[in-house]
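Residue numbers (the working numbering): 1 to 260.
Glycine is no exception: its CB is placed at the ideal position from the N, C-alpha and C atoms.
Here's what the structure looks like:
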């Protein structure tokens with residue numbers, strides 16, 4: 001008699017998440033919270049997330065042969081400098097070769113260098129313009145486009161069935177003025193990322209892929225890092241596209257949508 005379990009072929013594969021900035025505060029938290037929910041391609045520059053990966057696993061010194069639940073997730077570490085030529089294409093190739101598909105792209109890697117003395121104090125701010133826009137706008141764009149070209153544009157029905165999407169990690173600075181903090185160049189790049197998110201949401205809808213952003217205030221000082229990670233997952237689960245979801249001190253619940 002049937003047991004009620006679906007046959008192996010009917011079991012949908014786990015969702016695959018391609019995550020940049022995996023060694024940073026949010027990337028590390030996301031991997032630790034959701035490594036058993038997603039198969040994660042964790043892109044790092046120097047630091048690695050504190051999770052089991054193909055490089056290392058956790059061992060109980062008292063019972064070294066015990067199977068620890070922390071080792072059951074799949075986090076696949078990829079070391080890359082996203083500012084270098086051809087690294088974007090290499091990462092997409094690795095992710096597709098390792099897991100065969102990507103369901104969620106989280107563009108979390110960013111560059112931030114504030115200029116408290118203002119943009120007219122010397123040339124430091126002017127020197128930083130290209131890097132801010134390259135990392136905070138160009139890299140998310142190139143990753144989304146290359147992943148679409150390599151996979152998504154040919155998989156319309158599968159994209160819709162698996163609710164595939166992109167979540168860009170923006171900032172409240174992209175829509176709110178914080179005077180006297182020297183965030184002008186950084187804030188402009190995040191504002192550009194917000195508008196890019198809306199446009200990609202419109203364009204990628206033609207092949208069934210959603211694009212949204214989460215825009216938190218400073219974390220973990222004002223907004224908890226866990227709430228930002230939960231907001232990313234919530235956007236992954238929903239059907240909305242083109243939204244910039246703001247997380248601020250007076251709206252800590254990810255369910256509060258505010259689209260500047």
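Query, Result
"Other residues of its chain near residue 255: CB distance less than 6 Å, five sequence neighbours each side excluded", "Confidence is the limiting factor: at residue 255 the pLDDT is only 37, short of 50, which leaves the residue's position unreliable, though a coordinate-based value still follows. So the list is empty, once near-sequence residues are dropped."
"Cβ distance (whole Å) where residue 186 is taken to contact residue 112 below 8 Å", "5 Å"
"One or two residues paired with residue 76 in a DSSP bridge", "41"
"Segment contact flag, the region 81-88 with the region 97-108, C-beta cutoff 8 Å, min 3 pairs", "no"
"Host beta strand (DSSP E) of residue 290 (start-end)", "There is simply no residue 290 to check, as the chain begins at 1 and stops at 260 in what is shown."
"Contacting residues, own chain, Cβ-Cβ under 6 Å from residue 191 (five flanking each side not counted)", "174"
"Beta-carbon proximity list for residue 14, same chain, < 6 Å, skipping 5 on both sides", "39"
"Of the residues 33, 17, 80, the one placed nearest residue 44, counting alpha carbons only", "80"
"Sufficient close CB pairs (3 or more, under 8 Å) joining the region 213-225 to the region 234-245", "yes"
"Contact belief for residue 25 with residue 229 at Cβ below 8 Å, rounded distance in angstroms", "Incorrect: roughly 10 Å between the Cβ atoms, too far for contact."
"From 198, 244, 164, residue whose alpha carbon lies closest to that of residue 18", "164"
"First and last residue of the uninterrupted alpha helix (DSSP H) at residue 154", "Run containing residue 154: none; DSSP gives neither H nor E here."
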